[in-house]
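Chains as they are written, first to last, in our numbering: chain A, 308 to 413; chain B, 804 to 1587; chain C, 1216 to 1703.
Beta carbons: idealized from backbone N, C-alpha and C, even for Gly.
A short worksheet on the structure shown next.
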Amino acid sequence: MNDLLTHIGYGHFLVLAAVLFVMGVAGVLMRRNALIIMMSIELMLNAANLTVLTFARMHGDVSGHTFALIVIAVAAAEVAVGLAIVVALFRGRRHVDVDRLNTLKH
Amino acid sequence: MTDTSLQFAGIPLVAWVAALPLLGAFINLLFGRAMSRSMVHVVAVASVAAAFGVAAYLVFGPLLTQFRAHEGEGGVEISRTLWTWIEVGPADSVFKVDLAFRLDTLSGVMVLIITGVGTLIHLYSTGYMSEEPRYAAYFGYLNLFTGAMLILVLGANLPVMFIGWEGVGLCSFLLIGFWFENESYATAGRKAFVVNRIGDFAFLLGMFLLWWVTKSLDFNDIREVAQQGSSQLTSDPHFMGFDRWATIICVLLFIGACGKSAQVPLYVWLPDAMAGPTPVSALIHAATMVTAGVYMVCRLSFLFSLSTTAMLIVATVGTITALAAAFMAFAQTDLKKVLAYSTVSQLGFMFVAAGTGNWVAAIFHLGTHAFFKAGLFLGAGSVMHGMNGSGDITRMGGLRKHMKTTRATFLIYCLAIAGIFPFAGFFSKDEILGGAWAAHLEGWGAYGKVLFVALSLAALGTAFYMWRLYFLVFSGEERSEDAKHAHESPWTMTVPLVVLAALTAVAGFLAFPHLHSLDSKYLHLLSGWLEPAVDGATEAHNADGTTYLLLAIALGIGALGIGIAYSLYGRGPSAKVAGWTAEGEPLHEAYEASKNKLWVDEIYEVIFLKPFRFLARFLFEFVDRFVIDTILVGGWAFLVGLFSRLMRWVQNGQVQRYIVGMVVGAAAIFFFVSRGHSPTFSYKEVPAGVELRAEPGEGLAGVGATYQWDLDGDGQPDRKPGAKPDATDAAAFVSDPVLTVKAGDLAASGVTLWIKPPGGKKAVSVTRAIQFDSPERAAAEGGK
Amino acid sequence: MTFVTTDMAYIAPLLILTVTGMLLVIAESFFRGRDRAGLMGLAVAGSVASFVASVVLYRQLEPGSSKLIFDGMLVADRFGFALTGLFSVITALVAMSTPAHQREHGWENGEYYAILLLSAAGMTMLAQAAHLVAIFIGVETMSIGVYVMTALRRRSRRGNEAALKYFLMGAFATGFLLYGMALVYGAAGTAELAQMKTKLLATANPEIAIAGILLMVIAFGFKLAAVPFHMWAPDAYEGAPTPVTAFMAAGVKAAAVAAMIRLFGQYLGGDVLPFGAVGWASPMVIIAGLTITVGNIAAVRQNNVKRMLAYSSISHGGVMLVGLAAMGLGSSTGQSSLVYYLIAYSITTIASFAVVSWVGSRDRERLLVDDWAGLGQKHPAAALAMTVALLSLGGLPPTAGFFGKFYVFKSAMDVADNQLIWLVAIGVVNSAISIYYYLRLVTAMYFREPTEPFTPSRSAPLEVVMVLCPIIILAMGLLPGFWLGLGN
């Protein structure tokens, strides 16, 4: 048990974060539902957060940990606004499909 | 400059001269719609009249005092810098332009003409435009024009002058197209604008070059450099002589002047510009704006004097314009068109004066022309006002009975432009002719005499077409109902006519007695006055018997022209002329050709055009149709269309496509950064030998790269000393990014470096031969 | 960690804007009904106070001095206070142009002014940021506020759509920004900008550092609407209420550039660039050239004035990137010319959008170029204000826009070895092209007959903006020296 934990290095965390980030990007690109897109964006933010924490641990720098906490707070605020916008949109259109939002173009 | 004298409300009086009309424009353009018509024109006229008052005070007060006290060149000026406008660049070649105004004797003359004639024309406009619905806009533009024109003449450097230059162009465009409901009028405005842009572009180029050569655009600084330049800079064999620069710069600036002052080949916009209201034609397209080019050339007289070539071009273009425009005026039947061609022709006269170094005559003629041509246009406006707006001279005749004041003043202007003693045109035109006759610039030979003959012909033509106009309008019997019921204009229109006629009658005496044989510096008032501002203003004119002969010739030419006009048109379009020119009669073809301006075209056709027709056709078919239309225009349209379709595809309103765009862009940037950027290595000589430094290029490719060297030229990477010859692991090879080796260890065939970027990409190899600069090292190398 | 109370004085603009914003939330419940002039007054008062504080602080500091405050989180220098002053002015002008638009288009939200000021507080934070965390908080405070403001016209389908698009893309870009920051932090071992360059030059993981820097370039490119990250801008600008559009185009863009000047220009730029020019300057050069050109050509074919101005603002963002690249490549005049350009561009943009919202009204929004025909005859003052703004956008003398472009291109020419000469050529050619579409509107205003009577949304504060901005534009054109000195 202890063995396994000690063999997981910083590199593994960083790669995991990168994979999560790419998954987030892919989700944003491929899903049509605005809510799912927002969740994918959250995934990207959390991947970045994981990276920050890994590096903070690596450098033994406590300011990195506070950075992560601040990011969590800011992301929560952002999501709140995003959800409000989605709700307002849903009231008018009865759907949240981003493919059908193309009144504004060219 | 911190001179606080001659100020009002903290702003120098010189600046007030230009600011007053601008203030008027501001009020009228912004609040004019809410003001009554009388308020509008009170503001408009008062602002220009006040500017005239301030200018007159400055010129006849402080400036005259300075002038009386001055000795030698320069120094007679009231200069005020408002603030530093532009200041950029390093200290040794700083590009600095002050917003500065300078009133000297030359700009003083111009300012008085602009504000004086301007006031009269503003006054006249209150009558002429009284039924115009956009009254405030009209006066706003007119005031704006006056302000811009004053900035043009008062500017102490070329950029400030250029502000005015562009400003008057803009106002001219607005006023020509003032009645833009009429499509052809709006087109005329655009034509003027476009043709002027061509000139302005050359002007700008000339200005940049001038700055590059002299490092200053202030007129006084340029003058200093020019005066040194003629003696010093040309002697340097490695330096393209200042006089040669002067030629290029002057020609460029002159092209600018050609645009603004309607010279061949850029004159085409001026006849069309007659679409604007007549007072506008009088102010902008006769008295002031079109003379800006002449003013600019005179302002830079010291620069133009340096270049005989440029002067030659100025004089030649002026002569061609004077002749060609005079010819075109013969055939016109529209009152204002005749005057337009006449203006073009007279401007040509002024440029001949400038081109023959006869600066005073150029300014003198500019002034007298401003009086009589403004008067002629205002008179024409008065006639058209009386004729219910028609300007067709074939329908006039007999107007002397109905419009007594207009007719009397018109007579004076016609006498003046024909060059009849003692009216202003006689003196100024004679000075130009005399100057051309006596032109003595190096290497000109008898060119001055040729100019003289050509100009005399143009003067003859001028007298003829002007008097043809006069007779057709005022003499004989009425030829239409409108003419029978013509009426005199209101006092606001006739008073300016009378004032201008009076000025026309007396202005010539500035040059009286005109002969330098009488020993006094100030006898020719204007030449003494302009001496501090203009290069070589006091150069002697012919002061012998020739002068009297030339005077007589000039007078004779004028009289001859009037005589011919009288005999042909004295009682309207007579049966005699009609008889000569009837079908089958000997003069028929000549008359028809002249009337249609085609005779010259026919000659050109036979002599020049036919051989070129094929070429022209080819050029049209190939260059115009194919290169320009198909490739440039079509190609551009195709590109824009393609781009447009691309944009429509990308910007289709779907947020995910936008995000894909972002991701693709991001990927492109990463690709750009991660590819190698010309990897190489550098070497330099150090005491211990030669230092080799690997330069893998910037960006991702550069960081984390590994290296292998081949110093002995065997084509294989070198192994570290002591490493097994068959070892293949990376540690066995020389892999430092920086190496110091003895010169003797290097292969003559060159050193090779392999750079292997990170991430398992292929290695790149660079081979360079090492060469040495220092002789001892080269010797060591050679001894190996 | 120490807390120095005098540091609080140096963030006076930020504090004033934040406190006023919070006061506005409370005040909103006292100003019920349709009359919200009081809220607008309070918002303007707060912005003006913040402006005054910026001026006082600016004058207190020596030129060239800079002082790290809050343990290196923020910095106090003249550059920062010049920009906090600018952001305060932008906020005040936008607040003043709002009531008329709210009245005419029925979106009288009391929260609007609170959000506006809080968003502006985020901008001031960006102007003073000296730490990655400060930049992140500043960007997010600003952006979240703008997302909300875009969405305030709740009943408008276009407004909602614009808000969602803007939000999704903005949040996506935030992901890039944060990940970039994380990587740079990891490579450098510090998040303080003052030490970053030294640490990066010595880093053991340059690949990570470069990737992080590029991700930040991309994220800021998004905020600045640089091509190819610009596609949200035309839609969001068109869909948002016009005063909000002005705030987005002037404020958000200027704040993004302020942060970029800090991050790239001041702390990562200069004679020695980490990882050479390719590290961030070369990509920025390419983005700048693309942005200027694509924005311009796309603007040529727009018939909607707001959309045309949106593309034009994209193109202007490209010019700002030219200045940044020049700064990164060691031009000493880059910063002052950029500050001049930011002031000129912001004021001009606000002026143009103010006229756009003045001309439209409840019945007709008048967004098409054809709708503007004859404005010059019917309402010469408004047409004049628009003309001055358009001339300035087109970069014609004697307006601020001319000197802005002139100075930025001049600073790009100062870069050694003429590295940016092609970029300047592209910029100049594009300026010439841009005059076409600006003059198209001027021609419509002056040389065409009105098709129907204008019903402008009259409002005293809006008209004050329409008078004040052109005066500033001309003053900047006639007296450029003073304004140019602000950025040093």
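Ala1569(C) versus Tyr938(B) - alpha carbon distance: 29 Å
Contact with chain C by Ile348(A), beta-carbon distance below 8 Å: yes
Between Ile1284(C) and chain A, is the shortest Cβ-Cβ distance under 8 Å, so that the two count as touching? no
Less than 8 Å between CB atoms is the rule here; does Ala847(B) satisfy it with respect to chain C? no
Determine the contact status of Thr1124(B) and Gly1151(B), defining contact as a CB-CB distance below 8 Å. yes
Please determine, among Val1348(C), Tyr1651(C), Leu1230(C), Thr1564(C), the residue with the shortest C-alpha to C-alpha distance to Tyr1452(C). Thr1564(C)
For Leu981(B) versus Tyr941(B), is the C-beta distance shorter than 8 Å? Looking at the sequence itself, residue 981(B) is Phe, so the reference to Leu does not match. Yes, the pair counts as a contact, with Cβ atoms nearer than the cut-off.
Please specify which runs of the beta strand (DSSP E), each continuous and at least 3 residues long, are wholly inside the stretch 903 to 981 of chain B, giving them in chain order. none
Our contact map puts Ile1529(C) next to Ala1448(C) with C-beta atoms below 8 Å; I'd like the distance itself, whole angstroms only. 6 Å
Establish whether the CB of Phe1245(C) and some CB of chain B are separated by less than 8 Å. no
Would you kindly check if the distance between the Cβ of Val857(B) and the Cβ of Met913(B) is under 8 Å? no
Assuming contact is defined by CB atoms lying nearer than 8 Å, are Leu1254(B) and Ala1241(B) in contact in what I supplied? no
Neighbour list for Met351(A) in chain C, Cβ cutoff strictly below 9 Å: Ala1386, Phe1387, Thr1389, Gly1390, Phe1391, Leu1393, Tyr1394
Does the CB of Met1523(C) have a neighbour CB from chain B at under 8 Å? no
So is Asp368(A) in contact with chain C if we call contact Cβ pairs under 8 Å? yes
Inter-residue CB distance, Ala1469(C) and Leu1557(C) (contact presumed, cutoff 8 Å): 5 Å
Quick check on the burial criterion: 16 or more other C-beta atoms within 10 angstroms. Buried or exposed for Arg407(A)? exposed
Kindly identify the DSSP beta-bridge partner or partners of Asp1292(C). Ser1281(C)
Can you pull the chain C residues whose beta carbon is under 8 Å from the beta carbon of Met1465(B), in chain order? Met1384, Phe1387, Ala1388, Ile1433, Phe1437, Pro1443, Phe1444, Met1446
Alpha-carbon spacing of Thr1297(B) relative to Ser1185(B), whole angstroms: 8 Å
Within 10 angstroms of the Cβ of Phe1618(C), are there 16 or more other Cβ atoms? Answer buried if so, exposed if not. buried
Residues from the stretch 1445 to 1462 of chain B in contact with chain C, defined by Cβ distance under 8 Å: Phe1446, Ser1447, Met1450, Val1453, Gln1454, Gly1456, Val1458, Arg1460, Tyr1461, Ile1462
Closer than 8 Å, CB to CB, is His413(A) near chain B or not? yes
Opposite Tyr1486(B) in the DSSP bridges: which residues? Leu1495(B)
Whose C-beta lies closer than 8 Å to the C-beta of Asn1703(C) among residues of the same chain, with five residues either side of it excluded? Pro1278, Gly1279, Arg1293, Phe1294, Gln1550, Ser1551
Apply the 10 Å Cβ neighbour rule to Gln1454(B) and answer buried if 16 or more other Cβ atoms are within range, or exposed otherwise. buried
When you compare only the Cα positions, how much space is there between Val1644(C) and His873(B)? 50 Å
Report the option in Ala1455(C), Lys1380(C), Ser1646(C) whose CA atom is closest to the CA atom of Arg339(A). Lys1380(C)
On a Cα-Cα basis, can you pick out the residue from Gly1287(C), Leu1689(C), Gly1436(C), Leu1583(C) that is closest to Thr1405(C)? Gly1287(C)
Secondary structure at Phe1391(C), three-state DSSP: helix, strand or coil? helix
Got a sec: which bits of the stretch 327 to 342 of chain A sit with their beta carbon under 7 Å from any beta carbon on chain C, in order along the chain? Phe328, Gly331, Val335, Ala341
Quickly, what does DSSP pair Phe1536(B) with across the bridge? List them, please. Arg1522(B)
From the beta carbon of Asn1375(C), is the nearest beta carbon of chain A less than 8 Å away? yes
In chain order, what residues of the same chain have a beta carbon less than 7 Å from the beta carbon of Tyr1652(C), not counting five sequence neighbours either side? Ala1514, Val1515, Met1523
Comparing the C-beta of Ala383(A) with each C-beta of chain C, is any distance below 8 Å? no
Counted within 10 angstroms of its Cβ, other Cβ atoms place Arg364(A) as buried (16 or more) or exposed: exposed
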